[in-house]
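Student: I have a structure I would like to understand better, so I am pasting it below and will then ask my questions one at a time.
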Amino acid sequence: LLQLPLLARADWLQDQIDGATNYGVVVVNGGVWTNVVYIDKPITLIGTNWPKICPVLDTSLAYETTAIIAYSSDIAIRGFEIYNGNTNLNLDGFQYAVWDWSWYDGPANILIENCRIHDIQGGIYLTGPGSRVTGCEFANLKIFGVYACGYTERQPPLGFNLVVSNCVFRDWEEVYNQGAGVLLDFGG
């Protein structure tokens, strides 16, 4: 169990994730991180003090505009506020709070729980089976809160199940005709 101090180097959060063991837990106290977080192993990332003063991932200064990129299956992310503080939001690129870095056939069993996601292009983009989004608040997004996609004509068929529960979707802006709380996109 790793605990980070309130004020840490910008890259310290990534260092702790990189240093965690498979299925380890990284606990993040309050603070603001502006780097993209890359997760390439099964871990649990926990922000403390939810829902009051939880850690913040702000993508406004990041090289890439997605806050958390999940490369691995069996990742849990709990108790974070994720947003883009940049008021000049570019909608031509890809900007998500959490993305499994795949257009189809992504990592399985990703859990996003008790997160506040706002003022960013898209919320959570998932393409792998067995993922869950629960207890999250989505506000002031440009396109979707939760986007799930996959192939339906794949042989053998890829099983996909996504559970979205106890989430709040509010203050939406429709862009590209995709303004949706939960958007399911399955095709061949």
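The opening residue of the sequence shown carries number 910 in this note's numbering; numbering runs sequentially from there. The beta-carbon is built from N, C-alpha and C at its ideal position, and this holds for glycine as well.
1. Just the Cα atoms here: how many angstroms apart are Gln1064 and Asp1094?
2. Is it buried or exposed for Val1042, if we count other Cβ within 10 angstroms and need 16 for buried?
3. If Gly933 sits next to Ile955, beta carbons under 8 Å apart, how far is it from one beta carbon to the other, in whole angstroms?
4. For Leu916, which residues in the same chain have their Cβ closer than 7 Å to its Cβ, ignoring the five residues on either side in sequence?
5. Taking Phe989 as the reference, give the member of Asp983, Ser981, Ile977 with the closest Cα.
6. With distances taken from CA atoms, which of Ile1019, Gly1054, Ile1033, Cys1024 is nearest Gly1039?
7. Less than 8 Å between the CB atoms is what I'm expecting for Gly908 and Phe1047, so what's the real figure, rounded?
8. Expressed to the nearest angstrom, what Euclidean distance is found between the alpha-carbon atoms of Cys1045 and Asn1075?
9. Rounded to a whole number of angstroms, what is the C-alpha to C-alpha distance between Cys963 and Val936?
10. With DSSP as the reference, please indicate the residues paired to Asp967 in a beta bridge.
Tutor: Let's see:
1. Its pLDDT being 49, under 50, Gln1064 is placed unreliably in this model, and the value from its coordinates should be taken loosely. Approximately 18 Å, taken between the alpha carbons.
2. Result: buried.
3. Between Gly933 and Ile955 a beta carbon distance of about 11 Å is seen, past the 8 Å cut, so the two are scored as non-contacting.
4. Confidence at Leu916 is low in this model, with a pLDDT of 43, below 50, so its placement is unreliable and the value that follows should be read with caution. Excluding positions up to five away in sequence, the list reads Gly940.
5. By alpha-carbon distance to Phe989, the top candidate from Asp983, Ser981, Ile977 is Ile977.
6. Ile1019
7. This structure leaves residue 908 out entirely; the chain is present only between 910 and 1097.
8. 7 Å
9. 11 Å
10. Tyr992
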